[in-house]
Amino acid sequence: MQVRVQQDAFDTGAELAGFASTRTDIGAVVSFTGIVRDTRGDLQHMLIEHYPGMTERAIADIAKQAATRWALADVLVIHRFGALTPGAPIMMVATAAQHRAEAFAAADFLMDYLKSRAPFWKKEVTLSGADWVAAKDADEAALKRW
Numbered sequence: 462m463q464v465r466v467q468q469d470a471f472d473t474g475a476e477l478a479g480f481a482s483t484r485t486d487i488g489a490v491v492s493f494t495g496i497v498r499d500t501r502g503d504l505q506h507m508l509i510e511h512y513p514g515m516t517e518r519a520i521a522d523i524a525k526q527a528a529t530r531w532a533l534a535d536v537l538v539i540h541r542f543g544a545l546t547p548g549a550p551i552m553m554v555a556t557a558a559q560h561r562a563e564a565f566a567a568a569d570f571l572m573d574y575l576k577s578r579a580p581f582w583k584k585e586v587t588l589s590g591a592d593w594v595a596a597k598d599a600d601e602a603a604l605k606r607w
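Structure, rendered in structure tokens:
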């Protein structure tokens, strides 16, 4: 299991190519990459803040829960911080399991957790100012299904 919280960009293809590449006991790898989106057309960057140490521990704890709940062979979570421009990869989740249903469910669970509970604070900086991103009811509802 690998959890990385980093400022530097990552190469999704390279990360996925290396993930679980030595495993012969798995039948499925599922991955998701989140990208900074500019929904209104004026986003300059998204500023993501976190508390080093605390954030990694919180994500590692939920990744361990996912690995146990779905009998995963491996888990990778990467989440960036700092000023990220539209189109930049912001996070990546990859799960490996013997069967695809477990890999998909675990990846979905991890993404819902990262969206709603991981200790990150996000501020959208636009041409007209800056606003903190508030939690969304839909994200909270998605987390309740777990």
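Position in the sequence shown (first residue = 1) + 461 = our numbering. Backbone N, C-alpha and C fix where the C-beta goes; we use that ideal spot for every residue, glycine too.
Excluding sequence positions up to five away, which residues of its chain have a Cβ less than 8 Å from the Cβ of residue i?
i           : result
residue 589 : 503
residue 532 : 558, 559 and 563
Determine whether the beta carbon atoms of residue i and residue j lie at a separation below 7 Å.
i           : j           : result
residue 536 : residue 528 : yes
residue 497 : residue 539 : no
residue 565 : residue 509 : no
residue 464 : residue 520 : yes
residue 471 : residue 568 : no
residue 534 : residue 462 : no
Contact criterion: CB-CB distance below 7 Å. Does residue i meet it with respect to chain D?
i           : result
residue 599 : In summary, chain D is missing from the structure at hand, where a single protein chain is found.
Give me the residue from the options with the minimum Cα distance to residue i.
i           : options          : result
residue 584 : 464, 595 and 519 : 595
residue 518 : 570, 579 and 509 : 579
Excluding sequence positions up to five away, which residues of its chain have a Cβ less than 6 Å from the Cβ of residue i?
i           : result
residue 604 : 573 and 577
Using the C-alpha atoms, what's the distance from residue j back to residue i?
i           : j           : result
residue 482 : residue 499 : 34 Å
residue 587 : residue 507 : 9 Å
Open item on the list: Taking 8 Å as the cut-off, does the region 557-569 touch the region 479-491 (at least 3 CB pairs, one atom from each stretch)?
Closed with: yes
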